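Numbering (the numbering used here), first residue to last: 137 to 526.
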């Protein structure tokens with residue numbers, strides 16, 4: 137037996153060993169080709185099945201995700217019902233529907249801002265939502281949240297207007313009456329100048345930097361938070377009017393401008409008088425004349441009245457401009473924007489005096505000479521006679 141017989145064709149040879157060698161080799165080659173073709177066909181079918189499965193997976197998942205995306209867009213998640221619990225939410229001035237929605241979502245009032253925006257777009261009165269603090273509930277439907285924002289009863293009711301020219305202590309009194317926080321707590325908070333955000337030139341003193349105007353007070357806010365809110369308003373106004381640059385251009389510090397503005401505000405009656413009062417201050421300081429403002433003496437005494445006595449004029453205080461030349465050491469009130477503008481841009485004129493000849497109607501008259509001053513002072517004395525006790 138030939139050794140090669142040990143490794144005969146496993147598929148068998150129907151012709152035995154009697155066929156010619158060339159024929160036997162040809163048959164073996166054809167069988168090998170057919171085997172390769174079968175393997176290729178099997179591999180091709182497997183590849184096709186795999187590709188089909190991949191496409192089904194991709195497009196099937198994409199379809200599911202696409203549907204979910206569209207469903208979320210058309211039907212954004214939203215709570216049902218009126219909600220429960222209580223949360224205070226602030227709606228800021230000029231807030232759009234999307235901003236309000238984001239605020240409500242952040243406080244867990246609504247489930248998604250998109251759902252609220254849809255409700256906002258459908259509500260004809262949406263633009264009438266007022267800025268302020270609102271008592272809302274947790275997990276409300278967007279429609280219920282919209283209805284609550286439109287209900288005046290849901291507002292916290294802590295809106296307050298601080299008039300221009302109020303001293304810091306008078307501001308504390310107004311805030312205490314509105315919030316129930318004591319004046320002493322506001323006075324203690326006022327000493328935390330750095331945490332309140334006061335500008336460096338204020339030197340830690342809040343007087344002059346509690347900006348007047350309307351405020352929506354957080355019903356849960358502390359005395360420090362409320363004063364910080366007012367100081368922030370001053371900083372915003374100072375930035376928008378470029379106070380520091382304008383003061384530098386006028387060869388003054390911002391603190392000097394605020395001090396002059398506080399005097400102008402304290403002495404002024406009508407807005408049109410403010411630039412003229414500012415000019416009187418400039419003119420008297422330039423001439424080396426004492427300001428002799430009653431308001432500075434009364435500030436030192438922490439009193440409010442129309443006239444001062446001879447004894448008052450002797451009050452030993454650096455704020456007493458009858459005793460000391462130049463400006464007082466700091467602001468004597470919290471001025472508004474018009475007074476600050478007047479301090480920076482006084483009206484041209486030669487006036488050295490002014491007197492409120494009719495305080496009831498806020499009539500102020502100006503004079504350049506001593507004779508003119510005596511004449512307008514006489515008008516004031518006549519007014520006093522007609523209004524005893526004032």
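Built from N, CA and C at the ideal position, the CB exists for glycine as well.
Quick caveat, the model's predicted, so the values are computed rather than measured.
On a CA-only basis, which of the options is nearest residue i? Give me that one, please.
i: residue 397; options: 263, 300, 451, 224; result: 300
i: residue 215; options: 342, 274, 507; result: 274
i: residue 298; options: 334, 366, 333; result: 366
i: residue 226; options: 235, 220, 470; result: 235
i: residue 395; options: 468, 312, 385, 243; result: 468
i: residue 471; options: 407, 211, 425, 238; result: 407
i: residue 213; options: 498, 386, 250, 321; result: 250
i: residue 524; options: 499, 508, 495, 244; result: 495
i: residue 369; options: 315, 312, 473, 261; result: 473
i: residue 294; options: 313, 281, 307; result: 313
i: residue 426; options: 458, 447, 440; result: 458
i: residue 321; options: 254, 305, 336; result: 305
i: residue 231; options: 256, 491, 246, 483; result: 256
i: residue 434; options: 519, 338, 302; result: 302
i: residue 421; options: 508, 392, 404, 246; result: 392
i: residue 335; options: 375, 259, 261, 497; result: 375
i: residue 520; options: 442, 456, 460, 451; result: 442
i: residue 222; options: 423, 252, 284; result: 284
i: residue 211; options: 456, 444, 247; result: 247
i: residue 343; options: 351, 353, 323; result: 323
Let me know the secondary structure DSSP gives residue i once reduced to three states.
i: residue 430; result: helix
i: residue 367; result: helix
i: residue 292; result: coil
i: residue 148; result: Here the model assigns residue 148 a pLDDT of 41, short of 50, so the residue's position is not dependable, and the following value carries that caveat. Coil, per DSSP.
i: residue 218; result: coil
i: residue 233; result: helix
i: residue 394; result: helix
i: residue 205; result: Any answer about residue 205 is weak, because its pLDDT of 46 lies below 50 and its placement is not dependable; what the coordinates show is given next. Residue state, collapsed to three classes: helix.
i: residue 473; result: helix
i: residue 468; result: coil
i: residue 409; result: helix
i: residue 246; result: coil
i: residue 491; result: strand
i: residue 345; result: coil
i: residue 440; result: coil
i: residue 530; result: What the structure shows of the chain is the stretch from 137 to 526, and residue 530 is not part of that stretch, so it cannot be assessed.
i: residue 265; result: coil
i: residue 496; result: helix
i: residue 270; result: strand
i: residue 228; result: coil
i: residue 504; result: coil
i: residue 302; result: coil
On the premise that residue j lies in contact with residue i, defined as a C-beta separation below 8 Å, what is that separation, rounded to the nearest angstrom?
i: residue 217; j: residue 277; result: 6 Å
i: residue 331; j: residue 372; result: No, residue 331 and residue 372 are not in contact; Cβ-Cβ is about 18 Å, not under 8 Å.
i: residue 346; j: residue 363; result: 7 Å
i: residue 417; j: residue 437; result: Contact doesn't hold; Cβ gap of about 21 Å is too wide.
i: residue 527; j: residue 405; result: Residue 527 falls outside the range modelled here, since the chain spans only 137 to 526, and no answer is possible.
Would residue i pass as an interface residue toward chain C - the criterion being a Cβ-Cβ separation below 9 Å?
i: residue 371; result: This model lacks chain C altogether; it includes just one protein chain.
Q) If we count Cβ pairs, one from each stretch, closer than 8 Å, do we get three or more for the segment 478 to 486 versus the segment 458 to 466? A) no
Q | Segments of 3+ residues assigned as beta strand (DSSP E) that fall wholly inside the segment 314 to 341 | A | none
Q. Is there contact here, the segment 484 to 497 with the segment 405 to 416, by at least three beta-carbon pairs under 8 Å?
A. yes
Q.
Under 8 Å, with one C-beta from each stretch per pair, do the segment 495 to 513 and the segment 423 to 432 reach the 3-pair mark?
A. no
**Q.** Validate contact between the segment 320 to 331 and the segment 500 to 509 using beta carbons, cut 8 Å, 3 pairs
**A.** no
Q) How do the segment 341 to 359 and the segment 260 to 273 stand: do at least 3 beta-carbon pairs fall below 8 Å, yes or no? A) yes
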